[in-house]
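Going by this note's numbering, the letters in the sequence shown line up with residues 5 to 231, in that order.
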Amino acid sequence: MIRVLLADDQTLVRAAFAMLVGSDSGMEVVGEAATGLEAVALARSARADLVVMDIRMPELDGIEATRRIAADEDLAGVKVLVLTTYDTDDHIVDALRAGASGFLVKDTRPADLLAAIRTVAAGEALLSPGPTARLIARVLSAPQPPAGAGPGGPGMLTDRERQVLALVARGLNNTEIAETLGLSPLTAKTHVSRIMGKLAVRDRAQLVIVAYESGLVVPSGGGADVR
Numbered sequence: 005m006i007r008v009l010l011a012d013d014q015t016l017v018r019a020a021f022a023m024l025v026g027s028d029s030g031m032e033v034v035g036e037a038a039t040g041l042e043a044v045a046l047a048r049s050a051r052a053d054l055v056v057m058d059i060r061m062p063e064l065d066g067i068e069a070t071r072r073i074a075a076d077e078d079l080a081g082v083k084v085l086v087l088t089t090y091d092t093d094d095h096i097v098d099a100l101r102a103g104a105s106g107f108l109v110k111d112t113r114p115a116d117l118l119a120a121i122r123t124v125a126a127g128e129a130l131l132s133p134g135p136t137a138r139l140i141a142r143v144l145s146a147p148q149p150p151a152g153a154g155p156g157g158p159g160m161l162t163d164r165e166r167q168v169l170a171l172v173a174r175g176l177n178n179t180e181i182a183e184t185l186g187l188s189p190l191t192a193k194t195h196v197s198r199i200m201g202k203l204a205v206r207d208r209a210q211l212v213i214v215a216y217e218s219g220l221v222v223p224s225g226g227g228a229d230v231r
């Protein structure tokens, strides 16, 4: 059972999300927060596995709330999935650097939101396919080392690890990476875990930032090119 905390300052939005999450037999809503401060407090007291976090909230915005959750050792197992109206929010990169495991736009289909919760709760990163190119553009226009990134960057990786990192940056999951490189899914997962350890990053979302900021992967008109 995935224990979900909903953080959004709009009561109707929270109610709609609560009904949706509650309709899934594998999930339960363990709390609702109307402010960032409430989200941080409830993440601890409600023993949430995952927080669905709005960016724009009173008292403490979703980015700082995410940062506090990610920095709290007692909340090490709590994942944060950011929801945003992407066309107007300029802080997606900041949210990922703060420790969010992914983001979705608010007009995501209900089934996709439930799938995203499962994905993030299982330890995978998730980025909405549509806004990813714009996310990359913002990373490149305001370069800054992601939280916890090691000083060596991708240069400390083996050739195979660099290949795997590039595929992570393109949005492939472990199974897809394995198929692309002719590996077993377990081997692909091991490579990803080793890369995260070498680069000292929290999750796959920050691996994406490392890959683009280092120049290992560069945006192209149709997606991404690997150098």
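Positions of the beta carbon are idealized from the N, C-alpha and C atoms, including for glycine. These figures come from a predicted structure and were not determined experimentally.
Consult DSSP for GLY219 and reduce its assignment to one of helix, strand or coil.
-> Counting from 1 along the sequence shown, the entry for residue 219 is found at position 215. Residue state, collapsed to three classes: coil.
By how many angstroms is the C-alpha of VAL55 removed from the C-alpha of VAL33?
-> In the sequence shown, counting from the first residue as 1, residue 33 sits at position 29. In the sequence shown, counting from the first residue as 1, residue 55 sits at position 51. One C-alpha to the other measures close to 10 Å.
Of the choices VAL172, ASP13, ALA75, whose alpha-carbon is the least far from that of GLU63?
-> Locating residue 63 in the sequence shown gives position 59, where the first residue counts as 1. Checking every option, the nearest Cα to that of GLU63 belongs to ASP13.
Relative to the C-alpha of MET200, which residue among GLY186, GLU183, ALA170 is closest?
-> As a working note, residue 200 is residue 196 in the sequence shown. Checked all of GLY186, GLU183, ALA170; the closest Cα to MET200 is ALA170.
Helix, strand or coil for ARG166 per DSSP?
-> Translated into the one-based positions of the sequence shown, residue 166 becomes position 162. DSSP places ARG166 within a helical segment (H, G or I) once states are collapsed to three.
State buried or exposed for SER246, treating a residue as buried only when at least 16 other CB atoms are found within 10 Å of its CB.
-> Because residue 246 is not part of the residues shown, which for the chain are 5 to 231, the question remains open.
Could you tell me if SER29 is buried or exposed, where buried requires 16 or more neighbouring beta carbons within 10 angstroms of its beta carbon?
-> Numbered from its first residue, the sequence shown carries residue 29 at position 25. By the 10 Å Cβ count, SER29 comes out exposed.
Exposed or buried, SER218, counting other C-beta atoms within 10 Å across all chains shown (16 or more means buried)?
-> In the sequence shown, residue 218 corresponds to position 214, counting from 1. With 16 or more Cβ atoms within 10 Å of its Cβ, SER218 is classed as buried.
Within 9 Å, strictly: CB atoms of MET23 and GLY40 | In the sequence shown, residue 23 corresponds to position 19, counting from 1. In the sequence shown, residue 40 corresponds to position 36, counting from 1. No, the Cβ-Cβ distance between MET23 and GLY40 is not below 9 Å.
Report back the beta-carbon spacing between ALA102 and ARG71 to the nearest angstrom; my notes put them in contact at under 8 Å.
-> The residue given as residue 102 occupies position 98 in the sequence shown. The residue given as residue 71 occupies position 67 in the sequence shown. Indeed they touch by this definition, with Cβ atoms about 4 Å apart.
Along the chain, which unbroken stretches of the beta strand (DSSP E) at least 3 residues long are found entirely within the stretch 27-67?
-> Under the rule that a run must span 3 or more residues, the beta strand (DSSP E) segments found entirely inside the stretch 27-67 read 31-37, 54-58.
Could you tell me whether the Cβ atoms of ILE59 and LEU87 are closer together than 9 Å?
-> Counting from one through the sequence shown, the residue named residue 59 turns up at place 55. Counting from one through the sequence shown, the residue named residue 87 turns up at place 83. Closer than 9 Å, so yes.
Please work out which residues of its chain come closer than 7 Å, Cβ to Cβ, to GLU36, disregarding the five sequence neighbours upstream and downstream, and give them in chain order.
-> Looking up residue 36 in the sequence shown gives position 32. Correct list, in chain order: LEU10, ARG18, ALA22.
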